[in-house]
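I have placed the structure first, in the form of structure tokens, so that the comments after it can refer back to it.
2 protein chains.
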Amino acid sequence: MLSTLARYVPALEWGRTYNKDTFSNDMIAAVIVTIMLVPQSLAYALLAGLPPQAGIYASILPIILYAIFGTSRSLAVGPVAVVSLMTAAAVGKVAQSGEMGYATAALTLAFLSGTLLLAMGFLRLGFVANFLSHPVIAGFITASGLLIATSQVGHVLGVKVSGENLPEMLHSLFSHIGEINLITTVLGVAATAFLFWVRKGLKPFLRSKGVPPRLADVLTKAGPVAAVVVTTLAVWLLGLSDHGVKIVGEVPQALPPLTMPDLSPSLVGQLLVPAILISVIGFVESISVAQTLAAKKRQRITPDQELIGLGAANIGAAFTGGYPVTGGFARSVVNFDAGAETPAAGAFTAVGLAIAAVALTPLLYFLPKATLAATIIVAVLSLVDFSILRRSWNYSKQDFLAVAATILVTLGMGVEVGVSTGVGLSVVLFLLKTSRPHIAEVGLVEGTEHFRNIKRHKVRTTPDLVTIRVDESLYFANARFLEDHIYNRVQSDKSIKHVVLMMSAVNVIDFSALESLEAINTRLKELDIKLHMSEVKGPVMDKLETSHFLHDLSGKVFLSQYEAVAKLTGVPAVKAAE
Amino acid sequence: MLSTLARYVPALEWGRTYNKDTFSNDMIAAVIVTIMLVPQSLAYALLAGLPPQAGIYASILPIILYAIFGTSRSLAVGPVAVVSLMTAAAVGKVAQSGEMGYATAALTLAFLSGTLLLAMGFLRLGFVANFLSHPVIAGFITASGLLIATSQVGHVLGVKVSGENLPEMLHSLFSHIGEINLITTVLGVAATAFLFWVRKGLKPFLRSKGVPPRLADVLTKAGPVAAVVVTTLAVWLLGLSDHGVKIVGEVPQALPPLTMPDLSPSLVGQLLVPAILISVIGFVESISVAQTLAAKKRQRITPDQELIGLGAANIGAAFTGGYPVTGGFARSVVNFDAGAETPAAGAFTAVGLAIAAVALTPLLYFLPKATLAATIIVAVLSLVDFSILRRSWNYSKQDFLAVAATILVTLGMGVEVGVSTGVGLSVVLFLLKTSRPHIAEVGLVEGTEHFRNIKRHKVRTTPDLVTIRVDESLYFANARFLEDHIYNRVQSDKSIKHVVLMMSAVNVIDFSALESLEAINTRLKELDIKLHMSEVKGPVMDKLETSHFLHDLSGKVFLSQYEAVAKLTGVPAVKAAE
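From first to last, the protein sequence lines are chains A and G.
Each residue of the first sequence is one higher than the one before, starting from 0 at the first, in numbering that gives the first Met the number 0.
Each residue of the second sequence is one higher than the one before, starting from 0 at the first, in numbering that gives the first Met the number 0.
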């Protein structure tokens, strides 16, 4: 009972060994992360089309729930760029940004997403995420980064950019190009340039001036805060908001409210597919970060429990005025680097943000949206990495095709179609590949008991025995292919008396393939050729024994290919041949 | 040029060697098949919801076109039961049976289906049919047979049965149960019973009376014709059509008309998905029959050319008042058994049917629909075979699941959803299986150079070296699974210094798996464990050589597992251990 509880509530485990040292380390990390999260949360809420406070609310209860149920010691949960973009795409279809229904639909999305993640966790379906291949994820993140950056260019210039894909966004941008606000543009471009410089140039600069590395690090991370403070002061002191500079405005000075998602069937129906995609993408992003950080400290992540942690976090977001959340890369790395030792650091961050929500929000009144957009642009452009195209091209044209399609479709048709295309195409390409397997004819490598492809290695064969190695599991999609191959082979060579199927690479034989093997056996029998098998794997043999096939087989099943050749051609003959 | 032509027009090949003997054999077969096809064609047209002559028209030009372009020497092309049912389901969604638009939509369906088949043929996509697994096909045919039989029970009882699935059909049947026509029922049940007896009992009866086997065969095949003649005479002489017995009525006495399919975008859009399903199902049914018959005479079928033959046949049907056609099982077997030697037999059958269309149609005026329904019921019940459930259950629960789902969904929701579910589920189950591969730890079988699973065989291992054999290609869906497995293994045993991945069953390493291998290599290096590989297949090695992986690999790549163990532990040690 208690161990079951401990499995679902990892906090019970690390909580027992919690002490003063871990507390102070967690505290320091929490302070640094809180400072970083305030502008970031506001910015991502803007990206999602929600009021700024939604970003802060989405970082409070979710982070505490993850601390209780999650297995990563360093992951920081909250709004992230890609999920914010996906939220905007999904919710934008059912309501207009700024309307009442919009924020409620975002709550519904978080609730659905949380429920799905919890269900997947209890059903132990964490492996489903594996169907998103690395190149597809890389392509999707890169394309999403570009979409996000493009959508924020509008805020930097002071014009409205709408649309779900690159052509729509560019069209919207250029058709409003005449409405550019000059002051906003100066402010936005300056903030963007400053943040780029902070990210790339500040640390080397500080180090060259003799600043200790640790301090240089903290100062670099405080860059966005500096940008927020300076531009807010500029707008306030110079009265720029009267000259068309869009500002954050009034943010309620309060703790997260208790909210209810709208669970009407029609809304749930419209948001279900986006919720599935957001859940899976969010989970994959989160678990990649968690595993990378865990590996550095030799800790372990339990994917199915991670689903429960993220599910709880999203349900928390749904009831406290947030929107879908997941483990973020930047915030988690900062948390890790700052020395967080347990998820308690996350809970302290939540306290910090709660204080910010109550005390700091009036100070954000004059914060220009252009500054927030600048922080997003600089953050997401680090996600954009086209090198995956070159790397996958060099290694495998199939993977390249999947990446290229994911990037193009995501840019051209939006995030939902993009990621679905990537996953679908990867699966189809894999199936096509396995439906036409590599089939090699093998012979004995002299001086060994090892058999290799006659086309690649110098090997010994005998004319009346042909050994065929199928380099794939035998299943419905390739069963007929093997039949055709064998029939063609024995028709072209009348001296063949024995066909040995070397099964070392056959991991499954399904019912269709079994029927094909039966057909091959019958056909070869009619031609006076015996069918044998060698190196059949244990699990495959277990299956075959439940069928009539072994009983009907004209030849034998040999433990090893060497034994097959030795017995069928006579050991001395082989030895003499050596 | 000429050889290209010969590839696409197989008739040029067999035409060159055509002589008097083949002519007379083909002629005899054609006469027998024609006699069988007249009632069958009318019956299938009824099943498809079309006027009776459509069935005959669909057997004339299509059979000639297939004779020119197809590769099977025995296949007889025309309307078949399952495709007729699918036609009724598809066309029933866009028009009411009996309306003008209904027959035109059937032409459109044939045209689309023909175009798709031709396109697949030219693009050499014949292998796509392999994605329909044997058990799914068997389940689908069985369920379709039940649906067809149920739909025809109405005609036997003289009531109208409509619906696309079993619940709808049964509901429709029972709600009209009060309208049963007694005379029709007597006629229909008698015809059904007679035809069952002809199929099961006539041949043994005739043989026991000393009738020669060949004649007994022909008489048995003439059974449906006898039923047609007797019931038609009964209706005519007794004036039963005035007492509510539904008859075929007036059939135009003419050669097939020239017709044009309606290619309006909206109709094409509605019929495209059904056309794809009909094409694939029809192709699979046809090629199975063709291959079975070809194997008996050691002939070869070319799947991609078969697509062209069937495509041409369907386009022929579209322009001559027919509907989708394919190679039929019953008619092809009769053709084969009757001694047809070349596709010319098909052409002669077409001539026979053309004569029937011109001369015999007035004789069919009083033919009761109940008789046609009886011939369908008896024909399709031979397709119903639930043994696939038991056989697949015994061999593989996964295959059983796919079959059971196909049968249930086809019966419960109709043919289109049924077959799609079967194909989709097979693919998903295969992917799930490969995403959690069998991973074995192997050791040396004493006295050999052969390595097997330590859990199944008595093998020798050394404590500082662990060999892991992955029984699956490494790709995105299982890459992380392997990572987890290896990390868990090395964490549980601190004495390990070498990990050898035995790659004999790894047929592909995709980009995701490559990244996982790189991660494994890095992680093991940090733990002072060397990663080696053995028995890497040629094509896999070629790929790896295009990446940095081999350069970064902490250990070595060995040709054979034996070599790996010998080199890493020292040959004498292994020898001494023996």
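The beta carbon of each residue, even a glycine, is placed where N, CA and C say it ideally should be.
The model shown is predicted, which means the values in this text are computed figures rather than measured ones.
Is the beta carbon of residue 421(A) less than 8 Å from the beta carbon of residue 139(A)?
Less than 8 Å divides the Cβ of residue 421(A) from the Cβ of residue 139(A).
Measuring only from the beta carbon, is residue 62(G) closer than 7 Å to any heavy atom that is part of the ligand NAD?
Absence of the ligand NAD is noted for the structure shown, with no ligands found whatsoever.
Which of the three DSSP states is assigned to residue 123(A) in this structure?
coil
Interface residues of chain A around residue 223(G) at Cβ under 8 Å?
Chain A residues near residue 223(G): none, gap ~31 Å exceeds 8 Å.
Taking the beta strand (DSSP E) that residue 440(G) belongs to, which residues open and close that run?
438-444
Whether or not the segment 331-338 of chain A and the segment 31-45 of chain A are in contact is what I'm after, with contact meaning three or more pairs of Cβ atoms, one per stretch, closer than 8 Å; do they touch?
yes
Within the chosen definition, does the segment 452-460 of chain G reach the segment 487-503 of chain G through at least 3 CB pairs nearer than 8 Å?
no
Compute the Euclidean distance between the alpha carbons of residue 5(A) and residue 302(A), then round it to the nearest angstrom.
16 Å
Could you give the uninterrupted runs of the beta strand (DSSP E) lying entirely in the segment 520-547 of chain A, keeping only those of 3 residues or more?
Correct list: 529-533.
For residue 411(G) and residue 405(G), I'd like the C-alpha separation in whole angstroms.
When rounded, the distance between both Cα atoms is 10 Å.
Residues of its chain near residue 479(G), where Cβ-Cβ distance is below 8 Å and the 5 sequence neighbours each way are ignored
515
Would you report the Cα separation of residue 241(G) and residue 313(G), rounded to the nearest angstrom?
Counting only the Cα atoms, residue 313(G) lies some 38 Å from residue 241(G).
Report the three-state DSSP secondary structure of residue 27(G) (helix, strand or coil).
helix
What's the C-alpha gap between residue 394(G) and residue 543(A)?
8 Å
Could you check whether residue 55(G) and residue 319(G) sit closer than 8 Å to each other, using their CB atoms as the reference points?
No, the Cβ-Cβ distance between residue 319(G) and residue 55(G) is not below 8 Å.
With a cut-off of 8 Å, does the C-beta of residue 565(G) fall near any C-beta of chain A?
no
By Cβ distance, which residues of its chain are closer than 6 Å to residue 13(A), with the 5 residues on each side in sequence left out?
Hits under 6 Å: 341.
Which residues mark the beginning and the end of the alpha helix (DSSP H) in which residue 580(G) is found?
Any property of residue 580(G) remains undetermined from this structure, which presents chain G solely from 0 to 577.
Given that residue 455(A) touches chain D, what residues does it touch there, using C-beta distances under 7 Å?
Of the protein chains in the structure, A and G, none is chain D.
Between the segment 279-297 of chain G and chain A, which residues of the former have a C-beta closer than 8 Å to a C-beta of the latter?
294
Between residue 239(G) and the rest of its own chain, which residues show a CB-CB distance below 7 Å, the 5 nearest in sequence each way excluded?
182 and 233
From 473(G), 469(G) and 308(G), pick the residue whose C-alpha is nearest to that of residue 61(G); which is it?
With distances taken between Cα atoms, residue 61(G) lies closest to 308(G).
Cβ pair residue 356(A), residue 254(A) closer than 8 Å
yes
Quick one: what's got a C-beta closer than 6 Å to residue 502(A)'s C-beta in the same chain, skipping five residues either side?
532, 534 and 535.
According to DSSP, is residue 367(A) part of a helix, a strand, or is it coil?
strand
Along the beta strand (DSSP E) that carries residue 449(G), what are the first and last residues, could you check?
Taken as a continuous stretch (DSSP letters only), residue 449(G) belongs to no beta strand (DSSP E), as it is neither H nor E.
Residue 449(A) classed as buried or exposed, judged by whether at least 16 other C-beta atoms fall within 10 angstroms
buried
So if I threshold CB-CB distances at 7 Å, which residues from the segment 439-469 of chain G count as touching chain A?
447, 448, 449, 452 and 455
State the DSSP-derived secondary structure class of residue 557(G), mapped to helix, strand or coil.
strand
For the segment 82-100 of chain G, which residues have a CB atom closer than 9 Å to at least one CB atom of chain A, in sequence order?
none
Using 8 Å as the cut-off, can you tell me whether the segment 94-108 of chain A makes contact with the segment 359-376 of chain A, which would need three or more C-beta pairs spanning the two stretches below that distance?
no
Is there at least one Cβ from chain A nearer than 8 Å to residue 504(G)'s Cβ?
Yes, its Cβ sits closer than 8 Å to a Cβ of chain A.
How would you list, in chain order, the residues of chain A whose beta-carbon sits under 9 Å from the beta-carbon of residue 335(G)?
Result: empty, since nearest Cβ-Cβ is about 17 Å, beyond 9 Å.
Inter-residue Cα distance where the pair is residue 344(A) and residue 386(A):
35 Å
For residue 569(A) and residue 555(G), I'd like the C-alpha separation in whole angstroms.
35 Å
Of all the options 40(G), 16(G) and 24(G), which has the alpha carbon lying nearest to the alpha carbon of residue 353(G)?
40(G)
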